[in-house]
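In terms of our numbering, the sequence shown opens at residue 929 and continues consecutively. All residues carry an ideal CB built from backbone N, CA and C; glycine is no exception. Step one of this worksheet: look at the structure below.
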Amino acid sequence: MTAEELVERVGQAGPPSQDDVTILWDGRRLDSREAALEWLAEVAAKRAEEAIGADGRS
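Printed below as a string of structure tokens:
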């Protein structure tokens, strides 16, 4: 599928439903702004932790 085909299909899609949310591998639902921000903070903390570990191994 080309990018143009994807854009066309998405443009023809209906609006999201009430249960149309991201579900993480651990089952958590990112169904609110607060849930998404909490997850992003976890991701940032994990990246910082990994970066510190990488610096210590250099």
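query	result
May I ask which residues mark the beginning and end of the alpha helix (DSSP H) holding residue 935?	931-940
Could you check what DSSP says for residue 952 in three-state terms: helix, strand or coil?	coil
Do residue 971 and residue 959 come within 7 angstroms of each other at the CB atom, strictly closer than that value?	no
Skipping 5 residues on each side, what residues in its chain have a beta carbon closer than 6 angstroms to that of residue 937?	none
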